[in-house]
Amino acid sequence: MRIDIATLFPEMCEKVFNESIVGRGIRNGYIEIYAHNIRDYTLNKHKNVDDKPFGGGTGMVMQAQPIYDCVKAIMSMHKTPPRVIYLSPQGKTLTQEKVRELAKESGLVLICGHYEGIDERVIEELGAEEISIGDYVLTGGELPALILTDAVARLQEGVLPNEDAYSIESHYDGLLEYPQYSRPEIWKERKVPEILLSGDHRQVVEWQRKKSLEVTRKKRPDLYEAYIKRLTECFIGEFKAGYDVTENAKFKFCALSDEDLKLVKRGKKREIELDGKEGEYVILTDDTDIPKFVVIITGKNGQNVKFRLIYKSKKEENND
Ligand code: SAM
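Taking my numbering, the leading residue of the sequence shown gets 6, the next gets one more, and so forth.
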């Protein structure tokens, strides 16, 4: 992949992307990153690249011509047309999902604005996509371009040691990462969780998964809600694919403790307190809302409904 940054401050960018992991990725030939000075492309004899805004107002606006000519020159250096992006506080906010999408491109051209921004017509003429790094305003697009470059570069093959290095990290699958610890085992009387020292890989992975869910639920309830929604849709889709059920079938939900879920699985628990009618489907979740089983109501018993287990999540099936 090749990334080109069009900027008035190429040295500022080079200093950052030539360092550390990304710098090593460049030197080892896994990614190419270049910074170009927009000023080199101005036709103005005084080398000016900005002017006062029409209609008045404070500050200066970067003119269209030098940016356009700089980007066109960069585009001619790419074998296939690169994706052109203008880093802008008015763009869609950058997410890991977007980073993954951009990482698949063969080339990106990143335009950095400065001062009051850039002439609107150059964005239109280049058909540039606008991307923001958050709802706040910086003095220039260099830091946003470097953030995008770093996030995209680390997903290129060879830049990180292996896929695990990023696939377990926050946001990769919609969750935040579990807490990490390193030596010493005890620091300021705080101990590393025992399980991480046990050497039992299966248990460690189970703990990490549980913590990842816990941390996301606590720190980013918005992400957790979206994650559970996706998981539940997928669970219902898999259930419907293997079970003769009408397309618009409705589901009730009921959260149970891990202990009760085990009893349901073993056929030892066949009733729950729930308001429902015979023939209705109920998704039994654990206490973190993760769907585990589908049961069908078979009758009533006072405040309780009786049910029959008809579907287990893939994970539960594999644990049998
Ligand atoms: N006048 C512009 C506005 O209100 O939308 C803001 C211009 S800002 C001071 C100067 C440049 O910094 C922009 O052209 C853009 O390239 C960059 N910039 C500032 N904040 C940014 C953000 N949150 N995300 C991406 N780029 C940003």
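All residues carry an ideal CB built from backbone N, CA and C; glycine is no exception.
Worksheet item: With respect to the beta strand (DSSP E) encompassing Asp9, which residues constitute its N-terminal and C-terminal limits?
Response: Unbroken beta strand (DSSP E) run through Asp9: Arg7 to Thr12.
Worksheet item: According to the neighbour-count rule (16 or more other Cβ atoms, all chains shown, within 10 Å of its Cβ), is Cys18 buried or exposed?
Response: Flag for Cys18 reads buried.
Fill in: Residue range of the unbroken alpha helix (DSSP H) whose run includes Arg159
Segment: none, Arg159 is in no alpha helix (DSSP H) and carries neither H nor E.
Item to complete: Determine the contact status of Val310 and Glu264, defining contact as a CB-CB distance below 8 Å.
Response: No, they are not a contact pair.
Practice prompt. Leaving aside the five residues before and after His41 along the sequence, list all residues of the same chain whose C-beta is less than 8 Å from its C-beta, in chain order.
Written response: The beta carbon of His41 is closer than 8 Å to those of Asp9, Ile10, Ala11, Thr12, Pro15, Cys75, Ala78 and Ile79 in its chain, skipping five residues each way along the sequence.
Worksheet entry | Pick from Gly112, Pro94, Met82 and Leu113 that is closest to His119, judged by C-alpha positions | When only C-alpha atoms are compared, the closest one is Pro94.
Practice prompt. Select from Glu182, Trp212 and Lys84 the residue whose C-alpha is nearest the C-alpha of Gly112.
Written response: Taking only the C-alpha atoms, the option nearest Gly112 is Lys84.
Discussion item. 8 Å is my cut-off, CB to CB: does Asp155 come that close to chain C?
Written reply: No chain C appears in this structure, which consists of one protein chain only.
Worksheet entry | Residue from Pro87, Gln101 and Ile36 whose Cα sits closest to the Cα of Glu134 | Of the listed residues, the one whose Cα sits closest to Glu134 is Pro87.
Discussion item. Taking a contact to mean a Cβ-Cβ separation below 8 Å, would you say Tyr286 touches Phe240 in this structure?
Written reply: Cβ atoms of Tyr286 and Phe240: not closer than 8 Å.
Worksheet item: Can we say the region 16 to 35 touches the region 147 to 158, given the rule of at least three CB pairs closer than 8 Å?
Response: Contact check between the region 16 to 35 and the region 147 to 158: three or more CB pairs, one atom from each, fall below 8 Å, which counts as touching.
Fill in: Top-ranked residue by Cα proximity to Val104, from His176, Asn49, Tyr39 and Gly146
It is His176.
Worksheet item: DSSP three-state call for Met67: helix, strand or coil?
Response: Three-state result, Met67: strand.
Item to complete: Please determine, among Gln308, Asn167, Thr100 and Ile295, the residue with the shortest C-alpha to C-alpha distance to Lys282.
Response: When C-alpha distances from Lys282 are compared across Gln308, Asn167, Thr100 and Ile295, the shortest belongs to Gln308.
Worksheet item: By Cβ distance, which residues of its chain are closer than 8 Å to Trp212, with the 5 residues on each side in sequence left out?
Response: Tyr183, Pro198, Ile200 and Leu201, listed in sequence order.
Practice prompt. Inspect the beta-carbon positions of Arg235 and Gly179 and report whether they are closer than 8 Å.
Written response: Yes, they are a contact pair.
Worksheet item: Between Leu99 and Ile138, which are expected to be in contact by the criterion C-beta below 8 Å, what is the C-beta distance as a whole number of angstroms?
Response: Confirmed, about 5 Å.
Discussion item. Output needed for Ser262: all residues of its chain with C-beta closer than 7 Å, excluding positions within five of it in sequence on either side, in chain order.
Written reply: The beta carbon of Ser262 lies closer than 7 Å to those of Asp292 in the same chain, with the five residues before and after it left out.
Practice prompt. Classify Lys193 as helix, strand or coil using the three-state DSSP reduction.
Written response: Here Lys193 sits in coil by DSSP.
Worksheet item: At a cut-off of 7 Å, is Gly118 close to the ligand SAM when judged by its beta-carbon and the heavy atoms of the ligand?
Response: Checking every heavy atom of the ligand SAM against the Cβ of Gly118, one is found closer than 7 Å.
Worksheet item: Near Val66, what residues of its chain come up, given a Cβ to Cβ distance below 8 Å and the 5 sequence neighbours on each side ignored?
Response: Within the same chain, Val66 has close Cβ partners Asp55, Asp56, Lys57, Pro58, Tyr120, Glu121, Gly122, Ile123 and Asp124.
Item to complete: Return yes when the Cβ of Val210 is within less than 8 Å of the Cβ of Val27, no when it is not.
Response: Here Val27 is not near Val210, since their CB atoms are 8 Å or more apart.
Worksheet item: Quick one, which of Asn49, Gly242 and Arg225 has its alpha-carbon nearest Pro71's?
Response: For Pro71, the nearest C-alpha among the options comes from Asn49.
Worksheet entry | Continuous beta strand (DSSP E) stretch holding Tyr39: start and end | Per DSSP, the unbroken beta strand (DSSP E) holding Tyr39 starts and ends at Glu37 to Asn42.
Worksheet item: Would the C-beta of Pro71 count as close to the ligand SAM, meaning under 7 Å from any of its heavy atoms?
Response: Incorrect: Pro71 has no Cβ contact closer than 7 Å to the ligand SAM.
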